[in-house]
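Undergrad: Chains as they are written, first to last, in our numbering: chain D, 68 to 491; chain E, 1078 to 1404.
There's a structure below that I have some questions on.
Structure below.
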C-alpha cells in the first residue's frame, strides 16, 4: 500500500494560495480517481479538486476555511492495490483536463520508464507551445534526456491532436485560469523616457486573462435594439421616493432590466446555457451577474435565482451586491455561478457598447443611457425616453434568430411597463 | 573562379584594394622585404614600392599610433600586428584614440583604419603566438571586429573593412591560412560588416560561431547528420556589431543553441550572444544555451597533448551538439 499526498493545486496564474471550501470526502471514505475530493476557493474561482488516484482518504491535513500556499500537502490517500511505485504524482485539475493522451503519441521505448523528477519542469518553448495548442505537457510522453518533454514532442502531440476528434472536456468544474496565457504573443509595449511601469494587480491579471480567453475562444456576435422606456421612466419617477422610504434602497432601472432578462431567458433558454465542447450545458438556474466597477477593477457579482425574485427582491439583491463589492466584502459564492450577465453601461454615459462575453456564459446584455429623443409614434413625432440594449452572444451556441428573439422579448417587456404597472 | 587558400584570398584582397586606391598603405613588422612572417604580404612591396608597403620598427604602439595619424590626415592605412598576441602595447592607441576620435571631435575627424592580425592556436605557437583577443575589442564602442571563417569571406570582409570610414580590427586565423581553401571570385565584392552567414541549414541544433571554428562546426555537423541529427551553423563573421536578427532567427528555429569559440569561456563573445538570445528569444528555447570554448587558463600550452586539450576541436563540437540534440 502506498500513500499519495495531495497538495493544494495551482488554480490560476496569479494565485499563490487557496482556501479549503469544504471536504467532499471524509477520513475513511473511499474515493475514485477523478472523483471530486474537495472544494477550493481562491481569489476569483471556486474549484472542485478531483482525486489524483483511487483509494481511501486516510488523513485530512487542512481544515475547511484555512488558507494555505500552493503545494502545501492537504490530505493523504492510501492507494488501493499494490504497485505503490507506479502511483502517479499529484495532479492539479488542469492536468486532469483531457488533452492528447499518451497512447496517441508515438511511444518511444526509452520514455516508457520516464522518471518522475522532470515532471512539471518544462522549457520555455515547451510551455509556450503547449499553451498555444492547448496541450497539457504532463500528458505527453517525453523523448528527451531522462524522459524530458521536448519542443518536438509537443509539436508532434499537437499534430496528433489536430488529427484526432476533440475529446469531451471534463465535467464542468471551474476551469483554472492558467491554461490561457494572456501575455503570450501580445504586441510589445513601447517604453520611452518618462513613461512609468505600473505592476499588474492580481485582479487586473485575472481580468486580462479572462478577456483574452473570451475574445480568443468565443466567436462573438452582436445585436442591438432600441427600446422605448417612456412608461418605465414615468413609473420610476412616480414610485422612487416612496420606494426608498419603504424599502430602504433606491429604485433604479437595473431590477427592471433584470426582470426583462429573466423573461427573455425563459423564452429563449438557449441563451441560458454554456458551451461544452461537444455538447451544450442547459443551465437550470437563472443567475444573473451584474458587471460592477470597483476601485480594484471590474467584478461581476451574481444575483442568484433571479427568476424567483420580483422587482423589490431584485432591487435589494443587486443593491446589496453593489454595496458589498465596493466595500470589498463579497464572498466567493457571490462571484460564482453566473449564467448570464447584465452590464449597466448607461451608468458611464454610453449609448452603444460591444461587451465581452463572460465565458463560459453565452450572452451579455448592456443597458445604455436612457435619452430623450424625437421618435415617430404612429403618424406623429413625440419626445420619448429611449434606451439601446446591446447583446453579445456566443455564435457557437445560438444564431441570430434566437438572439434576435431574445432581444425582442426584452424590448417587449420593457415597453410593456407603464406608469401604473405594479412592481409587487 | 579560382580556388584560393584563406591566406591567398587575403593577399589578393590587399592587392586589389591597393590597386584601386592609392591612399592605402601597408605597415608593420617584416611586411615588406620578407612579405610578412606568414607571407600574407609577399610581393606587395615589389609591386607597390617601399612608400606604400613599409617595414616598421618593432613597436606596436607606434605602428598603430602613426597609422591613426595617417588615417586622420587622409591615408587609408592597413597596419599589421605580426601576432594578435602583440597587440596589447597598442591597446591604448586603439581603444582610447582610434575608437573615440570621431565621437570626441563631434565628427570632425575619423579614423579609416584596418588593423590586421593573425590570431588563434592549434599550430604549436604556445603562449605568445596563439591567443584569441577579439573579445577585448568587441567590448569597445567605436570599434568594429571581423573574423572571417572562409577564403570567400576573408576577401569580401577585407574590402568592406577598407571601405569603412572607421577603425576595423580584422582577425585572421593562422591555422586557417593554408588549411582552408575555397572558391574566390576575382572581381571585388563586399561582405557587409555585421552580417552573419548561415553556412548550413538544420533543424535540431544551432551552432553559432566564427573564425576557424566555422569549419570545425561544419565538420561536426556532417558527422552528426549520419546519426540523424540535423545541425544548423551560423557564422557570425563580425563579432562587433553582431547580427542580432540572424542570431535570434536560428535560435527560434531550433530552440537549442550551442555557441562555440576558441577564445576562453569567461567574458567571451559567447556570453554576449547568449544574453541576446535569452533576452529576446526565451520563449523559443527548448534547452539551456550551451557554450563551448577554451578553458579559463592563462594561455595556450606548448605541449601537444595539452594544446589539443585546450583547443576546441570538431570532435568536441560534435559531442556537445549531440548532447544538446538529445536533451
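Where a beta carbon is used, it is the ideal one built from N, C-alpha and C, also for glycine.
1) Considering only C-alpha positions, which residue in the set D:308, D:199 and D:326 is nearest to residue 280 of chain D?
2) Three or more C-beta pairs closer than 8 Å, one from the segment 1095-1111 of chain E and one from the segment 1136-1155 of chain E: is that the case here?
3) Given that residue 193 of chain D touches chain E, what residues does it touch there, using C-beta distances under 8 Å?
4) So the candidates are E:1267, E:1138 and E:1258; which of them puts its Cα closest to the Cα of residue 1094 of chain E?
5) Secondary structure at residue 308 of chain D, three-state DSSP: helix, strand or coil?
6) Looking only at its own chain, which residues have a Cβ that is under 8 Å from the Cβ of residue 364 of chain D, when we skip the five neighbours before and after it?
7) Would you say residue 190 of chain D lies against chain E (beta-carbon separation less than 8 Å)?
8) Using the rule of at least 16 other Cβ atoms within 10 Å of the residue's Cβ for burial, across every protein chain shown, is residue 165 of chain D buried or exposed?
9) Kindly list the residues whose CB is nearer than 8 Å to the CB of residue 1343 of chain E, restricted to its own chain and excluding five residues on each side of it in sequence; keep chain order.
10) Between the alpha carbons of residue 1281 of chain E and residue 205 of chain D, how many angstroms are there, rounded?
11) DSSP has residue 1221 of chain E in a bridge; who is on the other side?
12) Does the pairing of the segment 1210-1229 of chain E with the segment 1313-1333 of chain E give three or more beta-carbon distances under 8 Å?
13) Please list the terminal residues of the continuous beta strand (DSSP E) segment that includes residue 440 of chain D.
14) I'd like the list of long-range same chain contacts for residue 173 of chain D, defined as Cβ closer than 6 Å, with 5 residues on each side in sequence excluded.
15) Only counting the same chain, and skipping five residues up and downstream in sequence, which positions put a Cβ closer than 7 Å to that of residue 1385 of chain E?
16) Check the Cβ of residue 109 of chain D against every Cβ in chain E and list those closer than 8 Å, keeping chain order.
17) Check the Cβ-Cβ distances between residue 1403 of chain E and every residue of chain A, and say whether any is below 8 Å.
18) 8 Å is my cut-off, CB to CB: does residue 479 of chain D come that close to chain E?
19) How close, in whole Å, do the beta carbons of residue 356 of chain D and residue 416 of chain D come, if the pair is a contact with beta carbons under 8 Å?
20) Residue 388 of chain D: which of D:375, D:89, D:369 and D:399 sits nearest, CA to CA?
21) Mind reading off the beta-carbon distance from residue 306 of chain D to residue 470 of chain D? Whole number of angstroms is fine, and I expect it under 8 Å.
22) Using a cut-off of 8 Å between C-beta atoms, extract the partners of residue 211 of chain D located in chain E.
23) To be precise: take each residue of the segment 1202-1232 of chain E, compare its Cβ to all Cβ atoms of chain D, and keep it if any distance is under 9 Å. Which residues remain?
24) Counting only Cβ pairs nearer than 8 Å, list the residues of chain D close to residue 1360 of chain E.
25) Which two residues bound the contiguous alpha helix (DSSP H) that contains residue 269 of chain D?
26) Mind checking the segment 1331-1356 of chain E against chain D and listing, in chain order, the residues whose C-beta falls within less than 7 Å of any C-beta there?
27) Going by the DSSP bridge assignment, what does residue 336 of chain D pair with across the sheet?
28) Closer than 8 Å is the cut-off here; do at least three beta carbon pairs connect the segment 1229-1245 of chain E with the segment 1365-1382 of chain E?
29) Got a sec: is the Cβ-Cβ distance from residue 352 of chain D to anything in chain E below 8 Å?
30) Which ranges does the alpha helix (DSSP H) cover as unbroken runs of at least 4 residues, wholly within the segment 1254-1336 of chain E, from first to last along the chain?
31) Using the DSSP secondary-structure output, state which residues sit across from residue 1081 of chain E in a beta bridge.
32) Could you have a look at residue 169 of chain D and say whether DSSP puts it in helix, strand or coil?
33) Could you name the residues of the same chain whose beta carbon sits closer than 6 Å to that of residue 338 of chain D, not counting the 5 residues immediately before and after it, in chain order?
34) Determine the extent of the alpha helix (DSSP H) in which residue 1143 of chain E is found, giving its start and end residues.
35) For the beta strand (DSSP E) holding residue 1355 of chain E, just list the boundary residues, first then last.
36) Would you kindly work out how many angstroms separate the C-alpha atoms of residue 84 of chain D and residue 393 of chain D, rounded to a whole number?
TA: Once the coordinates are examined:
1) D:199
2) yes
3) Going along chain E in sequence order, the residues near residue 193 of chain D (Cβ under 8 Å) are 1363.
4) E:1267
5) Under the three-state reduction of DSSP, residue 308 of chain D is assigned to helix.
6) 268, 270, 271 and 274
7) yes
8) Only weak support exists for where residue 165 of chain D lies, its pLDDT of 39 falling under 50; the value from the coordinates is given anyway. That one is exposed.
9) Within the same chain, Cβ atoms closer than 8 Å to the Cβ of residue 1343 of chain E are found at 1373, the five residues on either side in sequence being excluded.
10) Roughly 23 Å separates the two Cα atoms.
11) E:1245
12) yes
13) 438-444
14) With a pLDDT of 39 at residue 173 of chain D, under the threshold of 50, the predicted position of this residue should be treated as unreliable, though the coordinate-derived value follows. Result list for residue 173 of chain D: empty, nothing under 6 Å.
15) When the five nearest sequence neighbours on each side are left out, no beta carbon in the same chain lies closer than 7 Å to the beta carbon of residue 1385 of chain E.
16) None at all; the shortest Cβ gap to chain E is about 26 Å.
17) In the structure shown, chain A cannot be found, because the protein chains are D and E.
18) no
19) Not quite, the Cβ-Cβ distance comes to about 22 Å (not below 8 Å), so this is no contact.
20) Here the closest residue by C-alpha is D:369.
21) Wrong, their Cβ atoms sit about 32 Å apart, outside the cutoff.
22) 1403 and 1404
23) none
24) 191, 192, 194, 195 and 251
25) 269-284
26) Only those residues of the segment 1331-1356 of chain E whose C-beta falls short of 7 Å from the nearest C-beta of chain D are listed: 1332.
27) Beta-bridge pairing links residue 336 of chain D to no other residue.
28) The segment 1229-1245 of chain E, when compared against the segment 1365-1382 of chain E, does not touch it at the 8 Å Cβ threshold.
29) no
30) List check, alpha helix (DSSP H) in window: 1289-1303 and 1321-1331.
31) E:1259
32) Note that residue 169 of chain D scores 37 on pLDDT, short of 50, meaning its location in the model is unreliable and no value can be drawn from it.
33) 332, 429, 430 and 473
34) Counting along the chain, the alpha helix (DSSP H) containing residue 1143 of chain E begins and ends at 1137-1149.
35) Segment 1346-1357 is the alpha helix (DSSP H) holding residue 1355 of chain E; no beta strand (DSSP E) there.
36) Cα to Cα, the separation comes out at about 23 Å.
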